[in-house]
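If you want this note's numbering, it's the position in the sequence shown, counting the first as 1, plus 44.
Quick reminder that beta carbons are idealized off the backbone N, C-alpha and C, glycines included.
Working notes, beginning with the structure itself.
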Amino acid sequence: MADTNKKIILTGDRPTGKLHLGHYVGSLSRRVELQNSGKFDKINILIADDQALTDNADNPQKIRDNMIEVALDYLSVGIDPGKSTICVQSGIPALHALTFYYMNLVTTARLSRNPTVKSEMAMRGFDNEGLPAGFFTYPVSQAADITAFKATTVPAGEDQEPMIEQAREIARKFNSTYKQDILIEPEILLPDNATQLRLPGIDGQAKMSKSLGNCIFLSDSAEVVKEKIMKKTYTDPTHLQITDPGHVEGNMVFTYLDAFCRDEQFAEYLPDYSCLAEMKEHYQKGGLGDVKCKKFLIKVLEEMLDPIRQERAKWEAKIPEVYDILKQGTARAVEDTNETLEQVRSAMRINYFTDDSIISDWESWISGK
Ligand code: TRP
């Protein structure tokens, strides 16, 4: 029976690049909060390397390199391996087996309608001819991830909503097809404010994304952050002179201040104003220059990024320990997910070698012919 009393989190990332500020506001800081809230019985964070391979089959080295980057990013923002299980997808065989069974519970028509798959196909320029079957079916593998851990809660961005919906459908279909209430229909836990939903890139494009080259990475040095803000961050092209009235909407400096600055930081770094509303008002009226705004933003970002950077440096000096964290986390995940796989096989009556009652079933089948 599905134990619906336990509250279990599964969330994860594809290790295709270092994590950036968009990940931090959208998911990492939330995970740390959830981890420390004490409200969950179990928290699993999956480094989805197999999923990353679905569109990187020709470049496994990229996944290999980024696995350690992502692990370091997790540890440096405060994911605590004592409280959260960090695990590696390819080391968890139950996920592969479940994917294979779930493939039969989903139609290709349903997969082609998945909006996330559609938009990701467009982004990668995959047409039907060039579409890897593994990529096309990754929602099924993600459903396996989620249900294998018996996750009740999946903290993720809105782009993942169709994935969670498919996981719910697959869980429902499994339970009804095999007439057992084993798999749990997960709920998505969306970020709770607009900026967290989607942090734009420094160039002003809708999303901070590695492929768009508009990111501030958690692992960027202070010098790099400064350069990205001073030289590459999109402000207001109509604000030419300091005295010109400026726009704060669509101006990334103010978008980031909205996301990251706290009123107390004005007293310390920019005492001309007492709060962001006051600063914005001055900018809109005219008389406040971009350089001053950008310098303040850098201070605000550094207050957050510097401790992360220092924590990262500590972990970078002990890579073997990080390796052990991943290895132990993966071993724990193997145990949990094998339990689900066994229940799944038993519901399907294909658990031949853990239940030898099939011998007598076969005997009566043969003698009854
Ligand atoms: N698809 C997610 C992403 O691209 C990564 C992921 C894989 C995931 N398995 C998961 C997220 C399970 C939540 C739950 O970021």
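Does the separation of the CB atoms of residue i and residue j fall below 8 angstroms?
i: Ile232; j: Gln204; result: yes
i: Ala187; j: Leu243; result: no
i: Ile226; j: Gln387; result: yes
i: Leu262; j: Asp117; result: yes
i: Pro199; j: Arg74; result: yes
i: Tyr317; j: Phe310; result: yes
How would you label residue i, buried or exposed, when you count the other beta carbons within 10 angstroms and need 16 or more for buried?
i: Thr279; result: buried
i: Gly330; result: exposed
i: Arg212; result: buried
i: Ser185; result: buried
i: Asp288; result: exposed
i: Gly294; result: exposed
i: Met167; result: exposed
i: Thr55; result: buried
i: Met323; result: buried
How close, in whole Å, do the beta carbons of residue i and residue j come, if the pair is a contact with beta carbons under 8 angstroms?
i: Leu155; j: Pro183; result: 6 angstroms
i: Ala141; j: Leu385; result: 6 angstroms
i: Leu314; j: Val132; result: Not a contact, Cβ separation roughly 44 angstroms.
i: Asn103; j: Pro59; result: At roughly 12 angstroms, the Cβ-Cβ gap does not stay under 8 angstroms, so Asn103 and Pro59 are not in contact.
i: Gln79; j: Ile123; result: 7 angstroms
i: Ile87; j: Ser120; result: Incorrect: roughly 17 angstroms between the Cβ atoms, too far for contact.
i: Lys338; j: Thr277; result: 7 angstroms
i: Ile52; j: Thr221; result: About 23 angstroms separates the two Cβ atoms, so there is no contact after all.
i: Arg378; j: Ile112; result: Looking at the sequence shown, residue 378 is not Arg but Val. Not really, about 20 angstroms apart at Cβ, beyond 8 angstroms.
Using alpha carbons as the reference points, say which of the options lies closest to residue i.
i: Phe298; options: Gly333, Thr287, Val161, Ala311; result: Gly333
i: Thr374; options: Gln249, Ala92, Thr60, Lys276; result: Ala92
i: Met147; options: Glu164, Thr181, Met165; result: Thr181
i: Glu209; options: Arg306, Thr160, Ser73, Arg356; result: Thr160
i: Ala266; options: Arg376, Ile403, Lys343; result: Lys343
i: Gln285; options: Val366, Ala138, Gly248, Tyr327; result: Tyr327
i: Phe144; options: Ala177, Glu164, Glu308; result: Ala177
i: Asn158; options: Ile190, Ala195, Met207; result: Met207
Any beta carbon from chain B within less than 8 angstroms of residue i's own beta carbon?
i: Ile208; result: Chain labels in this structure do not include chain B; a single protein chain is all it has.
Does at least one heavy atom of the ligand SAH sit under 7 angstroms from the Cβ of residue i?
i: Ala200; result: Ligands present in the displayed structure are limited to the ligand TRP, and the ligand SAH is not among them.
Ignoring anything shorter than 4 residues or poking outside the stretch 326-401, list the alpha helix (DSSP H) runs there in chain order. Fully enclosed alpha helix (DSSP H) runs of no fewer than 4 residues occupy 334-360, 363-391 of the stretch 326-401, in order along the chain.
Where are the alpha helix (DSSP H) runs, 4 residues long or more, that stay fully inside the stretch 167-219, in chain order? Runs of the alpha helix (DSSP H) spanning 4 or more residues and lying entirely within the stretch 167-219 occur at 177-180, 182-192, in chain order.
Whole alpha helix (DSSP H) runs in the stretch 65-133 with 4 or more residues, listed along the chain? Complete alpha helix (DSSP H) runs here, min 4: 73-81, 93-97, 104-121.
Runs of alpha helix (DSSP H) lying entirely within the stretch 251-336, each at least 4 residues, in chain order: Within the stretch 251-336, the complete alpha helix (DSSP H) runs of at least 4 residues are 266-271, 296-304, 308-313, 320-329.
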